[in-house]
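Visitor: Numbering (the working numbering), first residue to last: 689 to 1157.
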Amino acid sequence: MTGWEASRGWRPSRPSATHSPPRAGALTAAAPAANFFLPMLDLKFIREHPEQVVRALETRGGAESVQRLLALDADRRRRVTAVEASKALRNKVSEEIAQAKRRGEHPSEEMARMRRLGDEIKALDTAIKGLEGEVESLLLQLPNLPHPSVPVGGEEANQEVRRWGTPRRFAFDPRPHWEVGERLGILDFERAAKLAKSRFSVLWGMGARLERALSQFMLDLHIREHGYREVWVPHLVNAETMVGTGQLPKFEEQLFKTVEPEGGRPLYLIPTAEVPVTCLHGGEILNERELPKRYVAFTPCYRREAGAAGQDTRGMIRQHQFDKVELVKVVTPATSYDELESMLTDAEEVLKRLELPYRVVLLATGDTGFQSAKTYDLDVWLPGQGKYREISSCSNCESFQARRAEIRYRPAAGGKAVFVHTLNGSGLAVGRTLIAILENFQEADGSVTIPQALRPYLDGLERIARAGS
RNA sequence: GGAGGGGUGGCCGAGCGGUUGAAGGCGCCGGUCUUGAAAACCGGAAUCCCGCAAGGGAUCGGGGGUUCAAAUCCCUCCCCCUCCGCCA
689 MTGWEASRGW RPSRPSATHS PPRAGALTAA APAANFFLPM LDLKFIREHP EQVVRALETR
749 GGAESVQRLL ALDADRRRRV TAVEASKALR NKVSEEIAQA KRRGEHPSEE MARMRRLGDE
809 IKALDTAIKG LEGEVESLLL QLPNLPHPSV PVGGEEANQE VRRWGTPRRF AFDPRPHWEV
869 GERLGILDFE RAAKLAKSRF SVLWGMGARL ERALSQFMLD LHIREHGYRE VWVPHLVNAE
929 TMVGTGQLPK FEEQLFKTVE PEGGRPLYLI PTAEVPVTCL HGGEILNERE LPKRYVAFTP
989 CYRREAGAAG QDTRGMIRQH QFDKVELVKV VTPATSYDEL ESMLTDAEEV LKRLELPYRV
1049 VLLATGDTGF QSAKTYDLDV WLPGQGKYRE ISSCSNCESF QARRAEIRYR PAAGGKAVFV
1109 HTLNGSGLAV GRTLIAILEN FQEADGSVTI PQALRPYLDG LERIARAGS
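Next comes the structure, spelled out in structure tokens:
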């Protein structure tokens, strides 16, 4: 119990639910959801197809807890049946007592019996509540089930989908971005470490302007040409919000957390705008006519990078703080995979306009993030490193986050509310885009050419050179 | 920080401790009327859990308590709002 289950704010007290319609041959069946608590996978589905779930989770982790989950659930249901029989009796007798009293009688024997029964009920309810808590916490730790089109296996099973652009041929040895940036006087890691610690950076002059120009360029592209609506959101959010998108309870060690005096509820710095933007509609029932919703948000992202010690220690690749333009979609289940493809295209367009070579990779089950059913990574070419590096990740989370955050819609035809599907993708990570520009557009003299598409955002400037930057 | 007010169904909003799962309005779905639509009128619909089913249970911000019985009484926590003070 970490405290986030104490109060569920915007969440209905007893989350209701319906599930997403079945997708052909997929793992999510058309069974009604069994979520008397926050679900992530549909408990009823797990109960009815345990072997299928175990198989699906084998390369994703969590398969081991399925049996324990089912045992707890069976126990829970046994006790619920028992306690409900007692409650039915109590309700019946209470009604009889009420009638007797109206007749002027005082059925003290029944009243005493019901008092004893009430104690038994209380004990059983307590036990049930304990079991529910255990089931819930196990359920919250299970990752999403992969989509059937996702290759099974670890990182080595990832599939390259396509490449765009040809890595430039250099007449000299291309330098890594930290050298390019430091020589230009626009990147400063030493001072960042002085101010904070390692894995932070300071951008001077044209570096800072480039970061801002890139952000603006990306936002404008998505707003003006791709139909996204811009949102500005809190960078500190409460625990419920983090649970909603799946960061909590499992990945708390990756988050920066505030300490509030006198047991106040802590807030968490967002690791991505996906968190607040997706949860914008937490606890709401949307109208199908409002869907799909397409949002774009620019925010800084804060990550502890626990467990990444020694990786990418130089440069700006892996930072505790970085800017990102994030795309989020809230859609109906029927359209979510089409929306994933178009989101990917929207992200790719940023790289194309910036003339940065990249490849698209479909992640295998073991490499796909916790919340996601299917993820494409966009890897940009970094000549300074001689390899492709992740610059965007586009995921369809299906109903995983919708269940946790209680985001549903009412079908246009009327009827029960149904969980939406949520998607998110970087469009793009701004810091890494800046890196890519420094490395791909560096010249022999140490200057950096500015891609055409960006020049309008930099007063038409064509290159960044050392002087006075 | 000080002082008050409030959290009820998709939304707004009523609700003497027992026949209230919850009035009324809006919105929604179906129908009548209409060339069509609107208006008007009629009708329908909360959610989750257990159960093969019949049926039963639970839910009025969260948790606890009083009671034979709680949306209604008590305690506690969370959140929102208003006024004053401070302030980017």
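Virtual Cβ for every residue (Gly too), placed ideally from N, Cα, C.
Once DSSP output is grouped into helix, strand and coil, what is the label at residue 874?
Guide: DSSP places residue 874 in coil when its eight states are reduced to three.
Visitor: Taking the C-alpha atoms as reference points, what is the distance between residue 743 and residue 1056?
Guide: Their Cα atoms are separated by approximately 16 Å.
Visitor: Leaving out the 5 sequence neighbours to the left and right, which residues in its chain are closer than 6 Å to residue 954 when beta-carbon positions are compared?
Guide: If we look at residue 954 and ignore the five residues flanking it on each side, its Cβ neighbours are 945, 946, 948.
Visitor: Name the two residues that bound the continuous beta strand (DSSP E) containing residue 1113.
Guide: Start and end: 1109-1117.
Visitor: Report yes or no: do three or more beta-carbon pairs, one from the segment 1009-1024 and one from the segment 973-991, lie closer than 8 Å?
Guide: Yes, the segment 1009-1024 is in contact with the segment 973-991.
Visitor: Do residue 970 and residue 934 have their C-beta atoms closer together than 8 Å?
Guide: For residue 970 and residue 934, no; Cβs fall outside 8 Å.
Visitor: Under 8 Å, do residue 667 and residue 1084 count as touching if we go by C-beta distance?
Guide: In the structure displayed, the chain extends from 689 to 1157; residue 667 sits before or after that span and is not available.
Visitor: So is residue 1150 buried or exposed if we call it buried at 16+ other beta carbons inside 10 Å?
Guide: Residue 1150 is exposed by the Cβ-count criterion.
Visitor: Any idea if residue 1059 is buried or exposed, counting beta-carbon neighbours within 10 angstroms, 16 or more meaning buried?
Guide: Its Cβ being crowded by 16 or more others within 10 Å, residue 1059 is buried.
Visitor: Going by Cα to Cα distance, which pick from 1014, 1118, 997 is closest to residue 965?
Guide: Comparing Cα positions, the closest option is 1014.
Visitor: With a 10 Å radius around its C-beta and 16 neighbouring C-beta atoms as the bar for buried, classify residue 720 as buried or exposed.
Guide: Confidence is the limiting factor: at residue 720 the pLDDT is only 26, short of 50, which leaves the residue's position unreliable, though a coordinate-based value still follows. The residue is exposed, with fewer than 16 neighbouring Cβ atoms inside 10 Å.
Visitor: Alpha carbons only, please: which of 1122, 898, 1031 is nearest the one belonging to residue 1068?
Guide: Residue 1068 has its Cα closest to that of 1122, out of 1122, 898, 1031.
Visitor: For residue 939, I'd like the list of residues in its chain whose CB is within less than 8 Å of its CB, leaving aside the five on either flank, ordered along the chain.
Guide: So the list reads 1058, once near-sequence residues are dropped.
Visitor: Are the beta-carbon atoms belonging to residue 860 and residue 1132 less than 8 Å from one another?
Guide: Yes, the pair counts as a contact, with Cβ atoms nearer than the cut-off.
Visitor: Please classify residue 1088: does DSSP put it in a helix, a strand, or coil?
Guide: Residue state, collapsed to three classes: helix.
Visitor: Between the Cα of residue 812 and those of 1049, 774, 1137, spot the shortest distance and give me the residue it belongs to.
Guide: Considering only alpha carbons, the answer is 774.
Visitor: Buried or exposed for residue 952, going by 16 or more other Cβ atoms inside 10 Å?
Guide: It is exposed - the Cβ of residue 952 has fewer than 16 other Cβ atoms within 10 Å.
Visitor: Pick out whichever of 841, 816, 835, 814 has its Cα sitting closest to the Cα of residue 747.
Guide: Comparing Cα-Cα distances from residue 747 to each of 841, 816, 835, 814, the minimum goes to 841.
Visitor: Residue 734 and residue 771: beta carbons closer than 8 Å?
Guide: No.
Visitor: In three-state terms, what does DSSP make of residue 988?
Guide: Strand.
Visitor: Pull up the CB-CB distance for residue 1118 and residue 889, whole angstroms please, since I reckon it's below 8 Å.
Guide: Incorrect: roughly 12 Å between the Cβ atoms, too far for contact.
Visitor: Could you tell me the alpha carbon to alpha carbon distance between residue 872 and residue 986, rounded to whole angstroms?
Guide: The straight-line gap from Cα to Cα measures roughly 27 Å.
Visitor: Output needed for residue 868: all residues of its chain with C-beta closer than 6 Å, excluding positions within five of it in sequence on either side, in chain order.
Guide: Excluding positions up to five away in sequence, the list reads 1126, 1130.
Visitor: If you compare alpha carbons, which of 1097, 973, 1082, 1007 is closest to residue 1030?
Guide: Residue 1082 is the option with its Cα nearest to residue 1030.
Visitor: Closest to residue 1135 by C-alpha separation, out of 1095, 785, 996, 863, would be which residue?
Guide: Out of 1095, 785, 996, 863, 863 has the C-alpha closest to the C-alpha of residue 1135.
Visitor: Per the DSSP calculation, residue 975 is bridged to which residue(s)?
Guide: Residue 975 pairs with 1098.
Visitor: Excluding the 5 residues preceding and the 5 following residue 990 in the sequence, name in chain order all residues of the same chain whose CB lies nearer than 7 Å to its CB.
Guide: Excluding sequence neighbours, residue 990 sits near 944, 957, 958, 959, 1008, 1009.
Visitor: Taking 8 Å as the limit between beta carbons, can you name the residues of its chain near residue 994, skipping five residues before and five after?
Guide: Around residue 994: 941, 942.
Visitor: Name the residue from 1115, 1086, 1120, 820 whose alpha carbon lies nearest to the alpha carbon of residue 1106.
Guide: The shortest Cα separation from residue 1106 among 1115, 1086, 1120, 820 belongs to 1086.
Visitor: Quick one: residues in its chain with C-beta nearer than 6 Å to the C-beta of residue 1120, no 5 flanking neighbours on either side, listed in chain order?
Guide: Excluding residues within five positions, the ones whose Cβ falls inside 6 Å are 1079.
Visitor: Please state the DSSP three-state secondary structure of residue 752.
Guide: Three-state DSSP puts residue 752 in coil, outside helix and strand.
Visitor: Do you know whose CA, among 1065, 996, 791, lies nearest residue 886's CA?
Guide: The option with the nearest alpha carbon to residue 886 is 996.
Visitor: Let me know the alpha helix (DSSP H) ranges lying completely inside the segment 987-1059, each 4 residues or longer, listed in chain order.
Guide: 1024-1041, all fully within the segment 987-1059.
Visitor: For residue 777, which of 848, 799, 765, 793 has the nearest alpha-carbon?
Guide: For residue 777, the nearest C-alpha among the options comes from 799.
Visitor: Can you tell me which of the three DSSP states residue 849 falls into?
Guide: Strand, per DSSP.
Visitor: Do you know whose CA, among 833, 837, 763, lies nearest residue 741's CA?
Guide: It is 833.
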